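Sequence positions in the sequence shown follow this note's numbering and run 583 to 984.
Ideal placement from N, C-alpha and C gives every residue a C-beta, glycine not left out.
Note that the coordinates shown come from a computational prediction; the quantities given were computed from them, not determined experimentally.
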Amino acid sequence: MMQASQTQAPPRPAPGRGPAPRGRRVCVPAWQGLGFEVLARQLSRKETPFPFGVPDGTYFYRARHGIYHLFRALGFGPRDTILAPDYHSGNEVGAMRASGAQLRFYRINRRLEPDLEQLDKLSRSGARALFVIHYLGWPQPMRELVALCRERGMLLIEDCALALLSGTEGRPLGAFGDFAIFCLYKTLPVPNGGLLLQNAGPLRGLDRLEWEGCGMASVGGQTAELVVRRIRGRWATVGGALSAAKGGVGRALRVLPAKRVTVGDIGFSLADVNTRISGLSRHLLKHFDYEGIRARRRANFLRLRDRLQGSVTMLRDDLEPGVCPLFFPILVNDKETAAAALWARGIEAVQFWNHGDPEAAPQEGPDARYLRDHVLEIPIHQDIGFNQVDYAARQILDLNLQ
Ligand SMILES: Cc1ncc(COP(=O)(O)O)c(C=O)c1O
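Okay, here's the thing in structure tokens:
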């Protein structure tokens with residue numbers, strides 16, 4: 583295991599100055615795309631793994647809707663406190679706040695783990711729930727957290743939005759808590775989808791939701807994006823042209839009065855909370871090669887780690903068995919410049935969580951602030967081949983990102 587500063591490279595020129603290399607255009611898309619192999623798999627339907635086969639699961643259009651409905655169904659109000667991490671996307675916090683619950687924030691350290699001592703103290707004040715995020719696939723210390731919740735009579739909610747298919751100690755993440763929430767479209771090429779698991783038994787109220795559809799335009803637009811992204815990853819020039827054309831068509835169609843619910847954005851709106859997952863996402867979920875997805879992500883992670891070891895500051899370089907990494911997180915001084923330099927070379931690096939929930943900012947600890955300022959995500963998803971991993975590694979080394 584490695585602390586953030588252990589792989590710091592010696593000083594070299596600032597990143598982003600060098601020209602993009604000549605030669606065939608390469609693209610490493612930030613997220614996975616959808617290809618025709620999923621059609622072939624329709625013929626060989628297999629069992630879907632956890633969390634899909636679990637009986638007490640409710641599917642939503644987005645995970646944040648599930649979080650909102652969870653706390654509403656549990657009857658949380660202004661006197662009920664949820665302990666939530668100071669390092670968060672803002673969407674999950676917005677959903678909890680909209681449910682009417684009170685929030686208190688505990689600190690996350692530079693290894694993406696909770697400050698257990700502080701959590702212990704905070705939990706003595708009568709909080710009703712502990713909300714835990716498994717960051718980028720890395721598991722939180724579940725034995726300790728389960729024990730703490732049991733001792734203090736708190737509900738345990740696992741946020742697995744970034745940790746689908748990940749596990750620890752032989753069990754999948756999302757199986758430890760009373761409830762667990764998953765964002766499906768972050769790991770899988772589906773146009774939308776969130777899943778709320780009720781490990782403690784079915785929640786009354788969820789069965790009476792007045793569901794609304796998301797509209798064809800939302801599903802069509804996002805599915806087109808998934809297909810184009812796949813093409814961009816394979817044939818950068820053609821894919822780039824298709825992306826541009828798709829953007830133009832999308833803008834033109836926006837004038838039509840069709841319902842659209844976005845994914846992957848920041849914010850929380852009560853207007854969308856009853857939107858159900860699309861039929862297409864539910865269908866696709868039956869046909870992915872889940873074992874292959876996890877294996878590919880792990881292999882890409884290990885290869886990139888191998889290529890960058892000693893030259894780049896890695897946020898986490900440990901990968902225990904069962905972990906399914908979402909991205910490869912590195913630490914850089916200037917995220918914006920580094921991301922721009924990588925994008926110029928076709929690597930769609932993601933600036934991870936620059937800001938959280940605005941109202942939570944005063945309670946944010948120094949480590950969360952540090953992570954917001956420095957974490958940059960390098961794609962290692964299942965659509966990326968070793969040639970793309972090696973290309974990304976060469977560009978990162980060439981740019982001397984630090
Ligand atoms: C940790 C975490 N929880 C929950 C969510 C909400 O996911 P969704 O976009 O499906 O609402 C996100 C992403 O926004 C997230 O990063």
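Under 7 Å between C-beta atoms of residue i and residue j
i, j, result
"Gly776", "Phe909", "no"
"Glu946", "Asp668", "yes"
"Val801", "Leu886", "no"
"Pro773", "Ser671", "no"
"Ala920", "Leu983", "yes"
"Leu652", "Leu778", "yes"
"Ile739", "Ala709", "no"
"Val957", "Pro911", "yes"
"Cys765", "Ala645", "yes"
"Arg951", "Asn936", "no"
"Leu616", "Leu808", "yes"
"Gly756", "Cys742", "yes"
"Val608", "Ala818", "yes"
"Phe850", "Gly682", "no"
"Arg879", "Ile962", "yes"
"Lys828", "Val843", "no"
"Ile664", "Leu685", "yes"
"Leu746", "Thr769", "yes"
Three-way DSSP call (helix, strand, coil) for residue i in this model
i, result
"Ile966", "coil"
"Val820", "helix"
"Phe883", "helix"
"Ile848", "coil"
"Thr857", "strand"
"Cys765", "strand"
"Ala974", "helix"
"Gln585", "Bear in mind that the predicted position of Gln585 carries a pLDDT of just 34, short of 50, making it unreliable; the figure below should be weighed with that in mind. Correct three-state label for Gln585: coil."
"Val801", "helix"
"Pro771", "coil"
"Gly874", "helix"
"Arg812", "helix"
"Val608", "coil"
"Val749", "Residue identity check: residue 749 is Gly in the sequence provided, not Val. In the structure shown, Gly749 sits in a strand (DSSP, three-state: E or B)."
"Pro592", "Only weak support is given to the placement of Pro592: the predicted model assigns it a pLDDT of 36, under 50, and the value that follows is read from those uncertain coordinates. Three-state DSSP puts Pro592 in coil, outside helix and strand."
"Glu941", "helix"
"Pro754", "strand"
N- and C-terminal bounds of the beta strand (DSSP E) containing residue i
i, result
"Val957", "957–961"
"Asp741", "737–741"
"Thr640", "639–642"
"Leu744", "Run containing Leu744: none; DSSP gives neither H nor E here."
"Leu778", "776–780"
"Ala711", "711–715"
"Pro911", "909–913"
"Leu685", "684–688"
Range of the contiguous alpha helix (DSSP H) that encloses residue i
i, result
"Val620", "619–622"
"Tyr669", "Element bounds for Tyr669: n/a, residue is neither H nor E."
"Ile649", "645–655"
"Val728", "724–734"
"Gln700", "698–705"
"Leu924", "917–926"
Check your understanding: Taking a cut-off of 5 Å, which residues have a beta-carbon closer than that to any heavy atom of ligand 1, in chain order?
Key -> Result (chain order): Arg644, Ala645, Arg646, Ser671, Asn673, Glu674, Ile715, Asp741, Ala743, Cys765, Gly776.
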